[in-house]
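**Student:**
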Amino acid sequence: MSASETIAVVPRQSGAWRRAVLRGGGRLAATVALAIIVIFVLLAMSADDPAAALGSLLSGPFTSSFRTGQWLSDSANLMLSGAAVAMVFRAGQFSLGAEGQILVGALAAGAAVLHLPSFPGVFVVGLTLGALAGFLFGLVPGLMKAYGGSDEIVSTLMLNYVATYGFALLINRYLQPASAGYPVSDFFDPAAFLPSLRIGQLTIGLALPFAIGCCVAVWYLINWTKTGFEMGAVGASVPFAQATGMRVRRSVWLSMALSGLIAGLAGAVIAEGSTHRLIVGLSANIGFDGILVALLTANRPLLIPLAAVAYGYIRTGGDIAQLSSGIPREVITTLQGFLILAVTARAPLAWIRHRAGRRRPAHGGPVIPGPAPLRAAASSQRTGS
Amino acid sequence: MLLSTILQNAAPYVLAATGCLLADRAGVVNIASEGMMLFGALAAVLGAGYSGFGLVGLLAAIVVASLLAAILAIFHLHLRANLILAGLAVNLLATGGTVLVLYSLTGRTGDSSGIPQGSLPEIAIPGAEHVPVLASLSGQSIVVWLALISLPATLYLWHRTRLGLYIRAAGESESALVESGLRPNRVRWAALLLSGLLCGMAGAQLSLSTTHGFVRDMVAGRGFIALGAMYLGARTPVGTFVAASLFGVLDAVATVLQVRTNFSTQILLSIPYVAILLALFLNGQRLRRVRRGIGGVS
Amino acid sequence: MFRRRTRALQGLGVALVCLLSACSPASNGSADGGDPGKPAVALFIPGQLGDGGFFDNSQTGVKEAGVRLGLKVRTVETGPDPSKWAPALNDVAGGDDQVIIVGTYGMKQIVEQAAQAHPEKSFVLYDVESTPAECGCHNIYSILYRYSESGFLAGALAGLLHKAGGVERIGSGNTVGVIGGQDIPVIQDYINGFKAGVAQTNPSLKVLSGYAGSFADPVKGQNLAAQMISDGADVLFTAAGGTDKGVIQAAAEHDVWAIGNSLTQADDPMVNGKTAVLTSAVTSVDTSLADAVEKAAAGTLPLGTTVRFGAKQKTNYVAQSQPYLKYVPEPVRGEIEKITTEMADGRYDSVLDR
């Protein structure tokens with residue numbers, strides 16, 4: 001059983017459940033209150049009208065249906081990226097490669113729809129190719145790890161750089177119009193745009209239901225299929241998996257490739273649904289934001305839509321505060337950093353007990369080398385909440 | 001290719017990678033090395049610029065980077081924040097915070113123009129101008145020398161001191177540490193602070209010696225590369241030192257090819273990363289054995 | 001009790017953040033006030049300020065004109081995420097600003113769409129030309145820059161310095177260098193212009209060139225410059241944003257000249273007490289935008305037209321900095337002036353237009 005599932009089990013015990021909810025609720029309220037104070041301090045120091053800036057930060061995404069749509073669209077992209085990361089983390093592989101896989105997926109999708117004749121539904125071709133490209137790009141570090149023993153943290157970080165440079169190179173050489181002053185392709189044909197649904201004033205891209213579907217698919221894969229069970233087992237303990245005759249190597253490369261597939265899809269969705277063209281800087285760190293989203297949910301796919309929508313709300317609120325109050329962008333960046341710290345600080349109580357004299361190690365158990373970071377990360381969550 | 005350029009380039013990688021090594025072996029992955037270097041680089045410029053002494057700048061870099069390490073330690077070790085999340089958060093704090101500090105001091109968001117320029121002290125070897133290798137070493141900043149010393153120092157720490165033993169124990173068999181009456185968290189605190197100290201030095205080299213002045217985001221991924229170098233070096237002191245130095249060499253090779261040939265910039269700039277991938281692939285089997293030897297399962 | 005101590009600790013975190021980001025209340029955004037009868041102006045930055053060049057210059061120009069004319073001016077900085085640009089511009093276009101100033105090639109169609117949706121607003125599109133015939137939008141005034149002219153002037157200066165002989169720091173080596181930020185067409189214009197300028201004045205000179213791959217990596221800039229210097233270059237032209245700093249530093253260390261690209265660099269030519277920047281080959285984005293703001297305030301913005309700014313509009317020139325006057329021999333300066341005039345008359349268009 002993986003570490004994150006342990007968390008889900010704990011609260012079900014009688015009494016503890018209610019206490020956990022109360023404690024969790026109290027902590028959440030305190031965190032939110034604290035966050036608002038910090039936000040206000042930061043804004044007071046940098047904005048002309050801090051109250052207005054705070055207002056637009058907190059209520060921004062609801063101030064117009066256009067902005068609401070923007071928030072949901074950003075959340076959908078975050079969701080896909082988060083699903084990709086959760087997929088691979090659950091399998092115990094610490095791949096940081098979503099950023100590069102997103103670029104590769106976008107490139108494949110974009111190159112296809114730019115060169116194909118336009119026909120209704122051509123966007124599906126782009127999505128398919130994006131997913132395929134992401135799969136292959138995720139397969140590389142997967143096979144390196146499974147059959148070469150190459151550390152996936154290093155290989156995926158390096159592949160991110162390769163993808164970034166390759167993306168710029170290919171746009172520069174083959175996809176930008178002759179008169180371009182910047183590496184950017186032409187806009188796609190509207191048939192290649194991701195369709196959107198119109199509900200009253202609100203426009204919701206197909207990306208949102210699609211992303212939620214992906215999260216559900218990952219959940220299903222991990223929890224209800226043999227392959228997924230094997231991945232989880234390998235993620236929890238390699239010797240156990242080996243001893244019970246599971247296909248460890250297959251689990252390693254397949255989980256990384258499948259994660260790449262979802263990230264590639266995310267790239268295709270960003271290109272077809274948000275930027276509508278290929279442009280240098282397209283991924284804009286969303287692969288790393290996906291890590292945040294996944295870890296905020298302790299890699300539980302069904303919670304990812306919630307976490308993505310919440311995180312997306314702050315991001316969009318920050319963008320709108322920037323637009324309307326002219327605060328420096330860096331206030332938002334700093335704020336994001338602080339919020340992540342505040343939200344993830346999970347076990348103050350245990351620490352105090354520890355300080356009060358009860359001997360209890362900070363980590364739930366020995367840190368298992370191997371995918372050490374993940375084990376350390378997971379073990380800190382196991383004892384948390 | 002200039003040996004002195006290689007030394008200059010390799011020093012930050014070596015120091016930061018050594019920092020990552022200490023933290024990692026204590027059981028804490030320091031993914032915040034990038035942010036620590038960045039804030040260290042800014043603190044160095046401010047310290048040296050306003051005091052007029054390069055060493056003050058170095059000290060400021062060390063203090064500020066260690067402060068970030070302390071934030072990471074408090075949130076991860078005591079408040080149980082997820083390590084990777086907290087590390088990425090520290091990086092965000094550094095990206096935003098450096099610019100906000102710069103803005104409040106100079107009204108500029110891009111670089112440190114307007115702050116007096118400082119420089120790290122340099123150590124020259126008298127009469128070394130005509131000796132091939134020594135000539136390149138002579139006149140290098142104090143941080144380059146510290147980077148060179150870092151290998152024997154780490155080896156000494158590893159094999160000859162209690163702290164070294166505790167650090168390794170904290171990562172490998174925490175229970176043994178607890179049973180001997182020690183608190184693993186204290187060891188991790190020490191390792192993280194040392195890690196911050198080393199990353200701060202690396203940042204100071206970038207902004208007070210290789211270049212003089214701070215530019216936003218000037219660390220440009222070097223902290224992540226240092227983390228990669230540590231893994232590439234199989235999480236051992238010698239391996240880490242060699243791998244980090246290799247990145248310095250590859251940087252220099254890319255630069256020479258950029259100036260002397262007409263290859264595509266993007267291809268040349270990705271050479272170091274591709275080289276690492278290849279090395280990683282070829283070394284994979286060996287690394288895996290090493291890791292298994294460390295005590296645990298791969 | 002427990003909780004209080006924890007809060008205290010989290011409070012410490014807050015205090016740390018505040019300490020780390022102790023910022024003054026100065027704002028880079030909305031400048032309050034402004035005459036209600038005059039148009040409100042928004043400068044839209046699809047990226048981030050602090051690039052040490054293009055965007056910073058555009059803000060300088062717009063702000064300066066806004067203050068001078070008593071207009072309400074604000075800067076909107078969207079960050080480098082391209083998926084945010086179109087929504088953010090729509091947001092701004094739907095707001096209170098009457099004049100919206102937007103730059104860079106990547107914004108062309110986005111601005112055209114916004115202009116179409118908001119025909120009552122005036123748009124200034126700089127660094128790229130809109131095509132009214134295609135988009136059916138006639139409320140855009142486009143500004144282009146002849147970056148290659150600036151590069152040409154820098155190249156001509158490098159060539160002439162070598163020809164003149166006896167100029168300080170110019171050795172017998174027969175090499176000069178040029179360093180760009182990212183390998184993108186705008187920067188390629190600078191570099192090609194530099195090569196053309198050298199070829200025009202001193203064809204036997206060898207030109208080294210390289211891109212740092214980033215506008216914010218002074219360390220890479222220093223490396224490239226040091227390598228060029230060790231390969232014999234003694235004049236280095238740099239067009240690389242924040243990366244420039246490293247190039248200038250290397251020039252100071254190794255006793256060669258750097259030629260910058262902005263007035264700021266020309267005005268502050270020292271590194272560690274040593275003069276390093278001989279002068280700058282300026283492309284004055286700020287002048288062109290200040291001019292646009294003035295016209296907008298007067299209601300004479302030539303919407304639907306395009307102006308190519310260059311030597312002719314006196315936006316591209318070699319700065320008359322202190323070191324320039326001190327170290328560059330009079331005849332060379334005269335020659336540069338002559339070339340600038342000829343350039344304004346279109347004499348070099350055939351080599352400069354890509």
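Protein chains in written order, with full-length UniProt numbering: chain A, 1 to 385; chain B, 1 to 298; chain C, 1 to 354.
Glycine is no exception: its CB is placed at the ideal position from the N, C-alpha and C atoms.
1. For A:H276 versus A:F193, is the C-beta spacing smaller than 8 Å?
2. Go through the segment 270–296 of chain C residue by residue and report every complete run of the alpha helix (DSSP H) that reaches 4 residues or more, in order.
3. Beta carbon of B:A220, beta carbon of B:L250: below 8 Å?
4. Measure from the C-beta of A:S95 to each C-beta in chain B and report whether the shortest distance is under 8 Å.
5. Using CA coordinates, which residue listed in A:R250, A:A33 and A:S73 is at the minimum distance from A:L202?
6. At the level of alpha carbons, what is the spacing between B:S195 and A:A163?
7. In three-state terms, what does DSSP make of C:T75?
8. Following the continuous alpha helix (DSSP H) through C:K338, name the residue where it begins and the one where it ends.
9. In the DSSP assignment, the beta strand (DSSP E) including C:D234 goes from what residue to what residue?
10. Tell me the DSSP secondary structure of B:L2 in three-state form.
11. For B:F75, which residues from the same chain have a beta carbon less than 6 Å from its beta carbon, with the 5 sequence-adjacent residues on both sides left out?
12. Could you pull out every residue in the same chain whose Cβ sits closer than 6 Å to the Cβ of B:A32, ignoring the five residues on either side in sequence?
13. Classify B:S270: buried if its beta carbon has 16 or more other beta carbons within 10 angstroms, exposed otherwise.
14. For chain C, find out if any of its Cβ atoms is closer than 8 Å to the Cβ of B:H212; answer yes or no.
15. Leaving aside the five residues before and after C:N90 along the sequence, list all residues of the same chain whose C-beta is less than 7 Å from its C-beta, in chain order.
16. Would you report the Cα separation of B:S264 and A:S259, rounded to the nearest angstrom?
17. Looking at chain C, which residues of the segment 178–195 of chain A have a Cβ within less than 8 Å of any of its Cβ atoms?
18. Look at the alpha carbon of C:Q200 and the alpha carbon of B:T255, and state the distance between them as a whole number of angstroms.
19. Write down the C-beta distance between C:L49 and C:V76 rounded to the nearest angstrom, noting that I regard them as a contact closer than 8 Å.
20. Starting from B:S66 and walking both ways along the beta strand (DSSP E), at which residues does that stretch end?
21. Just verifying my parser: in three-state terms, what is the DSSP assignment at B:L165?
22. Tell me the residue span of the beta strand (DSSP E) that contains C:N316.
23. Closer than 6 Å by C-beta to A:I212: which residues in its own chain qualify, once you throw out the five before and the five after it? Chain order, please.
24. How long is the line joining the alpha carbons of A:F119 and A:S75, rounded to whole angstroms?
25. Counting contacts by CB-CB distance shorter than 8 Å, is B:A16 in contact with chain A?
26. How about the segment 281–295 of chain A and the segment 306–316 of chain A: do they share at least three Cβ pairs that are nearer than 8 Å?
27. When the Cα atoms are used, what is the spatial distance from A:V269 to A:L302?
28. I'd like the span of the alpha helix (DSSP H) that includes C:K63, first residue to last.
29. Please report the distance separating the alpha-carbon of A:G273 from that of A:S56.
30. Would you decide whether A:S251 is buried or exposed? Buried here means 16 or more other CB atoms lie within 10 Å of its CB.
31. My parser needs the beta strand (DSSP E) runs of 3 or more residues fully inside the segment 151–207 of chain A; what are they?
32. Does the CB of C:S321 have a neighbour CB from chain B at under 8 Å?
33. Tell me the residue span of the beta strand (DSSP E) that contains residue 392 of chain A.
34. Taking 8 Å as the threshold (C-beta atoms), are C:N223 and B:S119 in contact?
35. Based on the DSSP secondary-structure assignment, which residues constitute the bridge partners of C:L144?
36. Strictly by DSSP, which residues pair up with C:T175?
**Tutor:** So, to answer that:
1. yes
2. With a minimum length of 4 residues, no continuous alpha helix (DSSP H) run stays inside the segment 270–296 of chain C.
3. no
4. no
5. For A:L202, the nearest C-alpha among the options comes from A:S73.
6. 30 Å
7. strand
8. E330 to A344
9. Judged by DSSP secondary structure, C:D234 falls within the beta strand (DSSP E) whose first and last residues are A233 to A239.
10. coil
11. A81 and A86
12. Leaving aside the five residues that flank B:A32 on each side, the residues in its chain whose CB is nearer than 6 Å to its CB run, in chain order, L72, G87, V90 and N91.
13. buried
14. yes
15. A114
16. 31 Å
17. Of all residues in the segment 178–195 of chain A, the ones placed with a Cβ closer than 8 Å to any Cβ belonging to chain C are A180, G181, Y182, P183, V184 and F187, in chain order.
18. For C:Q200 and B:T255, the distance between alpha carbons rounds to 28 Å.
19. Not a contact, Cβ separation roughly 11 Å.
20. Element bounds for B:S66: not the beta strand (DSSP E) but the alpha helix (DSSP H), G54 to A73.
21. Annotated three-state conformation of B:L165 is helix, per DSSP.
22. C:N316: member of the beta strand (DSSP E) spanning N316 to V318, first to last residue.
23. Cβ neighbours of A:I212 beyond the five flanking positions: P305.
24. 29 Å
25. no
26. Judged by Cβ distances under 8 Å, the segment 281–295 of chain A makes contact with the segment 306–316 of chain A, as three or more pairs qualify.
27. A direct Cα-to-Cα measurement between A:V269 and A:L302 gives close to 20 Å.
28. F54 to L69
29. Distance between the alpha carbons of A:G273 and A:S56 is about 26 Å.
30. buried
31. If we require 3 residues or more, the beta strand (DSSP E) runs fully inside the segment 151–207 of chain A come out as 196–199 and 202–205.
32. no
33. Look at the range of chain A in this structure, 1 to 385, and you will see that residue 392 of chain A is not part of it.
34. no
35. According to DSSP, which records beta bridges pairwise, C:L144 is partnered with C:R308.
36. C:K206 and C:A233
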